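In the numbering used here, the protein residues as written are -2 to 249.
Here it is in structure tokens:
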């Protein structure tokens, strides 16, 4: 039974038995996996804080073809994000990062793009102390990588270009944006600033957006609007509600 080594991000860990942990992690080379870290909850455990949510680690594990869970042998910390969880708003965004990643990615299918997206968004929250724009960017690119992002430039009904200064209409079940003339019952409006921000997110890196998007109430509103639209699409695709999303509007 050979040992495997991989760069990974811890998605979640749960108490198991008297002193173990059940760990969900995203391997850069193997995709989403689950394993048992024996003795991880015992005093002086060799794992330390490496199994905390979103820890960027190097992980060693054993795998048997006949078993669903791998056996985690060792973890080495590359970067910890515990400090970012001290802020309430940031902690909710980080929880959504891990929950969404675990929900949309199948087991044992590597996706370097999703790995890089998760790491970039998490590092940005830690570095800037701000979460609105990283969360919107992460949600939009998760939707895009999943193949679910509707055209942001044209009406999905009539094919006409969406005017820059006019709101678009959206419904997650429609799988497309619509112009005002093609609006159906139940669709909600997407403001021009939010639509403009979404277009920029498709074309630009997150670090450039951090410098270019207004750090004011209007910029935050546009980012939150993009987030809500993308989370609606994600929930429609996974056919369930995101638990962490319920905390977004809750008071600290």
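Virtual Cβ for every residue (Gly too), placed ideally from N, Cα, C.
As the structure is a prediction and not an experimental result, all values here were calculated from the model.
query: To the nearest whole angstrom, what separates the beta carbons of residue 174 and residue 159, a pair I think is in contact under 8 Å?; result: 7 Å
query: Based on DSSP bridge pairs, tell me the residues matched to residue 175.; result: 166
query: Rounded to a whole number of angstroms, what is the C-alpha to C-alpha distance between residue 56 and residue 108?; result: 17 Å
query: Which term fits residue 9, buried or exposed, when burial requires 16 or more other beta carbons within 10 angstroms of its beta carbon?; result: buried
query: Mind the definition here: the region 230 to 249 touches the region 139 to 159 only if three or more C-beta pairs lie below 8 Å; say whether that holds.; result: yes
query: Helix or strand or just coil, what does DSSP make of residue 199?; result: helix
query: Taking the continuous beta strand (DSSP E) assigned at residue 133, which residues delimit it?; result: Here residue 133 belongs to no beta strand (DSSP E); instead the alpha helix (DSSP H) covers 129 to 142.
query: Can you grab the Cα-Cα spacing for the pair residue 124 / residue 155, in whole Å?; result: 43 Å
query: Applying the criterion that 16 or more other CB atoms from any shown protein chain within 10 Å of the CB defines a buried residue, is residue 24 buried or exposed?; result: buried
query: Just tell me which of 147, 51, 239, 2 has its CA closest to the CA of residue 82.; result: 51
query: Write down the C-beta distance between residue 20 and residue 69 rounded to the nearest angstrom, noting that I regard them as a contact closer than 8 Å.; result: 6 Å
query: Just to confirm, are residue 48 and residue 7 a CB contact at a threshold of 7 Å?; result: yes
query: Go ahead and pull the three-state DSSP assignment for residue 122.; result: helix
query: Judging by CA-CA distance, which residue of 131, 39, 2, 46 is the nearest neighbour of residue 14?; result: 39
query: Measure the CB-CB distance between residue 97 and residue 244 and report whether it falls below 7 Å.; result: no
query: Identify the residues that DSSP records as bridge partners of residue 5: which are they?; result: 24, 54
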